[in-house]
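Protein chains in written order, with our numbering: chain A, 487 to 704; chain B, 487 to 704; chain C, 487 to 704.
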């Protein structure tokens, strides 16, 4: 419990915005699937707090929303608002991708920062930043049966990895905390945005023969 | 470890019946998929204790079946019995839904009670009740590749939410513990039963245009 | 933290090889799906450490790779190597199955041993061995949208159960630790290998009527 008091206000705000944005992306999946109100809320809450929950459980620190249920209240409020304004949004799928990119950047940095703060090594902090950033969206896509952000061959995990290493690197060379956080956020968000805008992708793994790839359809 | 001694016998019994019922629903999915005996056991155990495991891990209390392996033994016994009697059940899918409703009601209340007991706020208790109640079935449906209870547009999450709030509300106004638990159970079970019997559903979210919904098929 | 020092070197090595082998199987799924480099790494890490992470979280002991990030580094190195040598492997799907069998045997025994070491009862140790052994592959298959090892009607969970009980049984009758571990490993690996080689399977559950099985397609 004593850990939470060490976390500065900036990180709390980062967590807060990150879960709200992921909650929006969760509500948008529920909208796509034409679910009822409480399923909206379920997707908003699970997507919003899922990544951070796994981070806290693995780090063995108190889960952030058990300490402070305002995070859950924010997901609830987000789901209610989205239930009314989602119809106004023309193409929800594209909107989902942009909110997801914003959430990815915020949550990646927040996860990385919190992991370093509890004294874990740099490599663990990067892994936790990436897993935290990506797991919310993966849970959302798995439960909602929509194509996983993980397997679309766009730069997604890559953007998260680069942002997490940016924070860890700047932190390692003694940069200010806020500067490192902001830079890490923008590295992830800009890389992901450029990838979405221009359809960038890293080279895909090339199978050695056609017969090998046919196996994947089995 | 000291937490377990505070949990009254009634709650232990509730936990126990809840996991047995979910174990049955897990075994029925394995039956639908014509799996072998050990996969029956796997589904029975994972569905039976999955929701409560996530609850305990998030609350950072000792996982109930690690303290008391009788819960796991109950899942094993359930799987063995189901392996013999499942063929007698005419329509397993309908049976699965009724057992699932019973388990949902029991586990929702048990999860809500345990969360309040460890001192968490009311909103957290409701979330934990709902997540605990729904996650067992979600894991079962995800691993078994059957249509998720989450996305069928019936009242499911809704029933769990109402039951959890009922317990929290009655508890808040000073009602007796047993009365609040029983009322919470029946609210969830009756709402879910009526929804199944009469095909009730909450109004689905209406998309703004046809083109937007087409996106969901991508 | 004091738990880790009690774990003997042999178990650490077992954990280490187990996650490397699962990391290979994760990278092979990424190869099948023609993903980019960082998704290779993501699958290698999640598959490699996923099972052990869930084991440690449920046992409420520090997660092994947070204590020792060399495990994560091993997954990273595995992903890098696999990115280069996977094209040399003719049939990746078959290769995946063999690596998975090896990983299943190693991780089942490692999970069983660690659970007994922290003082949990025998039944819990078997469950943890099986869940730990199978969950890595289940996460990999779920995230990669490949047919789950769980539902292929081959002997899979069965092999893990037999290996875990072998260790627990030999341990119970006072056999040497190393001998029990090696025997448990070979029981799982040989049972699984024979099942793969000869297409062995346990008798499938027989539904009572054709109409009941049609339900599963809904």
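Ideal placement from N, C-alpha and C gives every residue a C-beta, glycine not left out. Note that this is a predicted model, so its numbers are computed, not measured.
Cutoff 9 Å: residue 544 of chain B Cβ touching any chain A Cβ: Yes, residue 544 of chain B counts as interfacial toward chain A.
Helix or strand or just coil, what does DSSP make of residue 734 of chain A? This structure gives no information on residue 734 of chain A, because the portion of chain A shown stretches from 487 to 704.
Let me make sure I understand the geometry here. Which of C:505, C:504, C:528, C:503 has the alpha-carbon closest to that of residue 515 of chain C? Its Cα nearest to that of residue 515 of chain C, the residue C:528 stands out among C:505, C:504, C:528, C:503.
What is the rounded straight-line gap between the Cα of residue 664 of chain A and the Cα of residue 622 of chain A? Whole-angstrom Cα-Cα distance: 24 Å.
For the structure I just gave you, are there three or more beta carbon pairs, one from the stretch 642-652 of chain A and one from the stretch 613-629 of chain A, closer than 8 Å? With the cut-off at 8 Å, the stretch 642-652 of chain A and the stretch 613-629 of chain A touch.
Determine contact between the stretch 674-682 of chain B and the stretch 581-593 of chain B, defined as no fewer than three beta-carbon pairs at a distance below 8 Å. Output reads yes: the stretch 581-593 of chain B touches the stretch 674-682 of chain B.
Residues that residue 607 of chain A contacts on chain C, provided the C-beta gap is smaller than 7 Å: Here the neighbours are 555.
Need the endpoints of the alpha helix (DSSP H) that residue 665 of chain C sits in, please. Per DSSP, the unbroken alpha helix (DSSP H) holding residue 665 of chain C starts and ends at 663-684.
Starting from residue 644 of chain C, find everything on chain B with Cβ-Cβ shorter than 9 Å and list it in chain order. Residues of chain B with a Cβ closer than 9 Å to the Cβ of residue 644 of chain C are, in chain order, 522, 523, 524, 525.
Does residue 641 of chain B get closer than 9 Å to chain A when you measure Cβ to Cβ? Interface residue (Cβ-Cβ distance to chain A less than 9 Å): residue 641 of chain B is classified as such.
Could you tell me whether the Cβ atoms of residue 501 of chain A and residue 593 of chain A are closer together than 9 Å? Less than 9 Å divides the Cβ of residue 501 of chain A from the Cβ of residue 593 of chain A.
Thinking C-beta only, is residue 604 of chain A closer than 9 Å to residue 544 of chain B? Residue 544 of chain B places its beta carbon 9 Å or farther from that of residue 604 of chain A.
Rounded to whole angstroms, how far is the Cβ of residue 517 of chain C from the Cβ of residue 565 of chain C, which I believe are closer than 8 Å? Rounded, the Cβ-Cβ distance is 10 Å, inconsistent with contact.
Unbroken alpha helix (DSSP H) run spanning residue 606 of chain C, endpoints: No residue range can be given for residue 606 of chain C, since it is assigned to no alpha helix (DSSP H) and is classified by DSSP as neither H nor E.
Anything in chain C within Cβ reach of residue 610 of chain A, meaning under 8 Å, just list it in chain order. What residue 610 of chain A touches in chain C: 551, 552, 555, 558.
Whose CA, out of C:534, C:608, C:655, lies closest to the CA of residue 510 of chain C? It is C:534 whose Cα lies nearest to the Cα of residue 510 of chain C.
Do residue 537 of chain C and residue 503 of chain C come within 9 Å of each other at the CB atom, strictly closer than that value? Taking 9 Å as the cut-off, the beta carbon of residue 503 of chain C is found no closer than this to the beta carbon of residue 537 of chain C.
Taking Cβ positions, are residue 684 of chain B and residue 591 of chain B nearer each other than 9 Å? Cβ distance not < 9 Å, so residue 684 of chain B and residue 591 of chain B don't count as in contact.
Establish whether the CB of residue 595 of chain C and some CB of chain B are separated by less than 9 Å. Residue 595 of chain C does not count as touching chain B.
Just confirm the distance between the C-beta atoms of residue 654 of chain C and residue 598 of chain C, as a whole number of angstroms; I'd bet it's less than 8 Å. Residue 654 of chain C to residue 598 of chain C, Cβ: 6 Å. Contact.
Please report the distance separating the alpha-carbon of residue 606 of chain A from that of residue 498 of chain A. One C-alpha to the other measures close to 19 Å.
Against residue 531 of chain C, what residues of chain A qualify as contacts under a CB-to-CB distance less than 9 Å, listed in chain order? At a C-beta separation below 9 Å, residue 531 of chain C has these neighbours in chain A: 613, 616, 617.
Straight-line Cα distance separating residue 557 of chain A from residue 571 of chain A: Near 21 Å, if we compare the C-alpha coordinates of residue 557 of chain A and residue 571 of chain A.
Taking only beta-carbon atoms, is residue 539 of chain A less than 9 Å away from chain B? Residue 539 of chain A counts as touching chain B.
Of the choices C:505, C:601, C:630, whose alpha-carbon is the least far from that of residue 519 of chain C? Minimum Cα distance to residue 519 of chain C is reached at C:630.
Compare the C-alpha of residue 552 of chain A against each of B:551, B:651, B:611, B:624 and name the closest. Residue B:611 is the option with its Cα nearest to residue 552 of chain A.
Just the Cα atoms here: how many angstroms apart are residue 666 of chain A and residue 674 of chain C? Between the alpha carbons of residue 666 of chain A and residue 674 of chain C lies a gap of roughly 48 Å.
Do the CB positions of residue 532 of chain A and residue 625 of chain A come within less than 9 Å of each other? Yes, the Cβ-Cβ distance between residue 532 of chain A and residue 625 of chain A is below 9 Å.
Residue 549 of chain B in three-state terms, based on DSSP: Assignment of residue 549 of chain B by DSSP, reduced to helix, strand and coil, places it in the coil class.
Does DSSP put residue 498 of chain C in a helix, in a strand, or in coil? Annotated three-state conformation of residue 498 of chain C is helix, per DSSP.
Grouping DSSP H, G and I as helix and E and B as strand, with all else coil, what is residue 511 of chain A? If DSSP states are grouped into helix, strand and coil, residue 511 of chain A belongs with the helices.
Helix, strand or coil at residue 631 of chain C [DSSP, three-state]: Of the three classes helix, strand and coil, the one that applies to residue 631 of chain C here is coil, per DSSP.
Examine the ligand COA and report whether any of its heavy atoms sits within less than 8 Å of the Cβ of residue 597 of chain C. Ligands are entirely absent from the displayed structure, and the ligand COA is therefore not among its contents.
Sort B:682, B:550, B:608 by Cα distance to residue 555 of chain A and report the nearest one. It is B:608.
Could you say which of A:628, A:568, A:633, A:619 lies nearest to residue 526 of chain A if we only look at CA atoms? Residue A:568 is the option with its Cα nearest to residue 526 of chain A.
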